[in-house]
Each structure stands twice: as C-alpha cells, then as structure tokens.
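In this text, residue positions in the first sequence follow UniProt numbering: the first is 1, and each later residue adds one.
Glycine is no exception: its CB is placed at the ideal position from the N, C-alpha and C atoms.
If you're wondering where the values come from, they're calculated on a predicted model, not measured in any experiment.
Here the structure is laid out as structure tokens; the discussion comes afterwards.
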Amino acid sequence: MNYWLMKSEPSECSIDDLAQAPGQQLPWVGVRNYQARNFMRDQMQLGDGVLFYHSSCPKPEQIGIAGLARVASPAYPDATQFDPASPYFDAKATVESPRWLHVDVRFERKTRLLSLAELRAEPRLASMRLLQPGSRLSITPVTPDEWSVILSLLG
DNA sequence: GCCAACGTTGGC
DNA sequence: GCCAACGTTGGC
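Okay, structure coming up:
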C-alpha cells in the first residue's frame, strides 16, 4: 500500500466533481509527464491512498488538500491521447503503442481545505516532495509518516 | 500576468 | 549525446 498526492485544477476537476461522477470514480486523464506516468504505471496499486490537491486556484487560500481518494484501477491507456479534438491529443501516440497511461481514482471523502500555507508551516512535512523548491510534478509520492501527519491535521 | 524552475524538442 | 531554445507549470 502506497500513498500519493495528485494535483488537479478545480476548474478542470474538483473534489466535488469526483464526488458527483458516476460511481464516484474518474479516469485521471491528461497526465503528460513521464515521471508522473511512470508512478502510475510502475508503482501505483489498487487501493493506494490519494490526497486530492487543488492547484492553480484564483485565490491562493483555495490551494491545498481538499479530499481523500483511492486508486481504483491498474494503469491503462489514456484515450484522450488518440483524440485530435482533445487538448491532450498526442500525434505521436498510437493505439498499438500508447504513450500515456492513467489510473482511475475513486472518491473517498471531502475534507476541510488544508492549505498550502498550512502544509508549509508544518515542520514534520518539510521534506514532502510537493513542498520542495521548484517541484511541479502533478503526482508525487507521500510517505506513510507524511500521510499520518496530514490525516491528523485534517482532524 | 509575472516569472522561476523544470521538462522536452530538435539541430548539430 | 550535447545543449540552446522553447513551452509549461503553478505559486505569487
């Protein structure tokens, strides 16, 4: 069992969107970064814990952890890479050799918003991947210790 | 909207 | 395989 933090722009897909999806579950489409893809392909396991993070919000205080979710499928090809009408279209990907994969993510629960400022203020989270200078990865591993600190902060 | 950090691309 | 140019991310 592993733990992850997955970023999503709430204008694209918020924790509420996930809660209202059919089966409260969505394919995590649109990842176009190899490191993030490799985490999904090589390390994610069914049932892994996910911190659902709202990024790029209009108001800085809206940025942070907004809920909990779970990995709900193995990695499989992202259909949007084959769709010329999609913003995630990749001309170099083929059905025979897909370049981009994703997992499905299932809603667990909404939490209070644990803001980025609050995360930064917590000394026990100082080495969190998310908080490292220049970190931009949309999917980052979370250690069991970090996970339990965050759960306790969420109350 | 700015800009620093980072990843990707492509010419050589 | 190097590396400069370019595009993207994402907090501020």
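The shortest CA-to-CA distance from leucine 154 to any of Leu119, Asn33, Ser127 is the one to Leu119.
At the C-beta level, alanine 75 and histidine 102 come within 9 Å of one another.
By the Cβ rule, the segment 81–90 does not count as touching the segment 35–46, because fewer than three pairs are nearer than 8 Å. Excluding the 5 residues flanking it on each side, phenylalanine 107 has same chain C-beta neighbours closer than 8 Å at Ile15, Leu18, Ala19, Ala21, Gln24, Gln25, Gly67, Ala69, in chain order. With distances taken between CA atoms, lysine 59 lies nearest to Leu113 out of Arg32, Ala93, Leu113. The C-alpha of alanine 85 is placed about 42 Å away from the C-alpha of aspartate 145.
DSSP places arginine 120 in no beta strand (DSSP E) but in the uninterrupted alpha helix (DSSP H) bounded by 116–121. Secondary structure note for alanine 36: its alpha helix (DSSP H) is the uninterrupted segment 34–38. For leucine 151, the enclosing alpha helix (DSSP H) begins and ends at 144–154.
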